[in-house]
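Visitor: Counting with mature numbering (1 follows the signal peptide of the UniProt record, and there is no 0), you get residues -21 to -1, 1 to 225 for the letters of the sequence shown. Below is one structure. I have some questions about it.
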Amino acid sequence: MKRATLGLITVSILLSAGANAGLKGHPKQQICVNITDSPYENISVETRQYINDTGNGGMEGSSNQDFTILAGSEPGEYCTSTFSGTITRSGQVGAEIKVKKNGVVQDQFNSYSYFDGDGGSNNWDIYEQSRCSFNSDDGTGVHLRATDKNGSLKKSCSMVKNIPDENIAKVIFTPVLDQNPDQGYPHYDEEAVISGTSNYEHNDIVFQEADENLYQCKESNWCNDNPNYYSPGTGSNWEEAWNRYN
């Protein structure tokens, strides 16, 4: 689990009357946002988890957790803290996720897992709303991951069986993110070069709109010289001034 900057966390618990009646399971859940590339700008994540104890009176508790995946963070999973509660035999464990960049929603998932169990061998069945990550071409979407009572790691877009109370079920969400080709780098300014006002220096990185690639300056004099010869990727002698930057 990766580290992220943690924002506001709000937890509310509503105890149902007669909560001691019947078989009980004690679900533990985390929401994890999986990013496949290092982000070039901050990613904001808003989550809500809840337990609906349908076998004994309804809503049993909820938790709101917001966090930020910082620009330059390593690819991987960034998770909430563990949310837990009690379900009398059967109920729902909710997972609501909203992923934003610069305040704009990039992707979201609002659903729940159907939970049925007695504590020692609980079954989780996620309602993935046709967004199973195993069925998408790019791996985006959602799945459930948990370790069963025999120590086997289970990954599924439907049911995972025999999960004991002490083990955490993780909702793994890989969001669709806009990947701007410039990755936040300044665009090569041909007009500034022609007018003599450009100031590209050694190791500066620019985005070339003509071919949508990134380039790194290796010879500052030529990087600021005639675009017909030294415009990155398009000038006749561009490789004397620039390197492709991956």
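We put the CB at the ideal spot given by N, CA and C, even for glycine.
(1) What span of residues does the alpha helix (DSSP H) with Tyr209 cover, start to end?
(2) With H, G and I counted as helix, E and B as strand and the rest as coil, what does DSSP make of Val84?
(3) With the cut-off set at 9 Å, would you say Thr65 and Lys3 are in Cβ contact?
(4) Nearest to Cys136 by alpha carbon, out of Ala148, Ile14, Glu191?
(5) What is the DSSP secondary structure of Glu107, reduced to helix, strand or coil?
(6) Can you check whether the CB of Gly96 is closer than 9 Å to the CB of Asn89?
(7) Under DSSP, the alpha helix (DSSP H) around Glu170 begins and ends at which residues?
(8) Tell whether a beta-carbon distance below 9 Å holds between Ile30 and Val150.
(9) Answer with buried or exposed for Trp160, where buried requires no fewer than 16 other C-beta atoms within 10 angstroms of its C-beta.
(10) Alpha carbon to alpha carbon, how far is Thr67 from Val155?
(11) Tell me whether Cys202 sits in a helix, a strand or coil according to DSSP, three-state version.
(12) I'd like the span of the beta strand (DSSP E) that includes His122, first residue to last.
(13) Please classify Gly73: is it buried, with 16 or more other beta-carbons within 10 angstroms of its beta-carbon, or exposed?
(14) Is the beta carbon of Tyr224 sitting closer than 9 Å to the one on Ser215?
(15) Is it buried or exposed, Glu39, if we count other Cβ atoms within 10 angstroms and call 16 or more buried?
(16) For Thr15 versus Gly120, is the C-beta distance shorter than 9 Å?
(17) Could you give the distance in angstroms between the alpha-carbon of Asp86 and the alpha-carbon of Lys79?
(18) To the nearest angstrom, how far is the alpha carbon of Asp32 from that of Gly70?
(19) Could you tell me the alpha carbon to alpha carbon distance between Ser112 and Ser177, rounded to whole angstroms?
(20) If you follow the beta strand (DSSP E) that Ala148 is part of, which residue opens it and which one closes it?
(21) Relative to the C-alpha of Ser106, which residue among Asn81, Val139, Phe62, Ser23 is closest?
Guide: Put simply:
(1) Locating residue 209 in the sequence shown gives position 230, counting from the first residue. Start and end: 206 to 209.
(2) Translated into the one-based positions of the sequence shown, residue 84 becomes position 105. Reduced to three states, the DSSP call for Val84 is strand.
(3) Mapped onto the sequence shown, residue 65 falls at position 86. Mapped onto the sequence shown, residue 3 falls at position 24. Pairing Thr65 with Lys3 gives a Cβ-Cβ distance under 9 Å.
(4) As a position in the sequence shown, residue 136 is number 157, starting the count at 1. Nearest C-alpha to Cys136 among Ala148, Ile14, Glu191: Ala148.
(5) On the sequence shown, residue 107 is found 128 positions in, with the first residue counted as 1. In the structure shown, Glu107 sits in coil (DSSP, three-state: anything other than H, G, I, E or B).
(6) One-based indexing of the sequence shown puts residue 89 at position 110. One-based indexing of the sequence shown puts residue 96 at position 117. Contact flag unset, no.
(7) Position 191 of the sequence shown, counted from the first residue, corresponds to residue 170. Start and end: 169 to 174.
(8) By one-based count along the sequence shown, residue 30 stands at place 51. By one-based count along the sequence shown, residue 150 stands at place 171. No, the pair does not count as a contact, with Cβ atoms beyond the cut-off.
(9) Within the sequence shown, residue 160 is the residue found at index 181, counting from 1. The question names Trp, yet the displayed sequence has Pro at residue 160. Pro160 comes out exposed.
(10) Taking the first residue of the sequence shown as 1, we reach residue 67 at position 88. Taking the first residue of the sequence shown as 1, we reach residue 155 at position 176. Rounded to the nearest angstrom, the two C-alpha atoms are 36 Å apart.
(11) As a first step, residue 202 must be located in the sequence shown, where it is residue number 223. The answer is helix: DSSP assigns Cys202 an H, G or I state.
(12) One-based indexing of the sequence shown puts residue 122 at position 143. His122 -> beta strand (DSSP E) spans 120 to 126.
(13) Counting from one through the sequence shown, the residue named residue 73 turns up at place 94. So Gly73 counts as buried.
(14) The sequence position of residue 224 within the sequence shown is 245, counting from 1. The sequence position of residue 215 within the sequence shown is 236, counting from 1. Taking C-beta atoms as the reference points, Tyr224 and Ser215 fail to come closer than 9 Å.
(15) Start at 1 with the first residue of the sequence shown, and residue 39 comes out as number 60. It is buried - the Cβ of Glu39 has at least 16 other Cβ atoms within 10 Å.
(16) For the purposes of this step, residue 15 is identified with residue 36 of the sequence shown, where counting begins at 1. For the purposes of this step, residue 120 is identified with residue 141 of the sequence shown, where counting begins at 1. Thr15 is not a Cβ neighbour of Gly120, given a cutoff of 9 Å.
(17) Here residue 86 refers to the residue found at position 107 when the sequence shown is read from its first residue. Here residue 79 refers to the residue found at position 100 when the sequence shown is read from its first residue. Taking the straight line from one Cα to the other gives about 7 Å.
(18) Position 53 of the sequence shown, counting from 1, holds the residue named residue 32. Position 91 of the sequence shown, counting from 1, holds the residue named residue 70. Cα to Cα, Asp32 sits roughly 5 Å from Gly70.
(19) Taking the first residue of the sequence shown as 1, we reach residue 112 at position 133. Taking the first residue of the sequence shown as 1, we reach residue 177 at position 198. Taking the straight line from one Cα to the other gives about 45 Å.
(20) Against the sequence shown, residue 148 aligns to sequence position 169. Segment 148 to 153, the beta strand (DSSP E) holding Ala148.
(21) As a working mapping, residue 106 is identified with position 127 in the sequence shown. With the sequence shown as reference, residue 106 is identified as Tyr, and Ser is not the correct amino acid for it. Checking every option, the nearest Cα to that of Tyr106 belongs to Val139.
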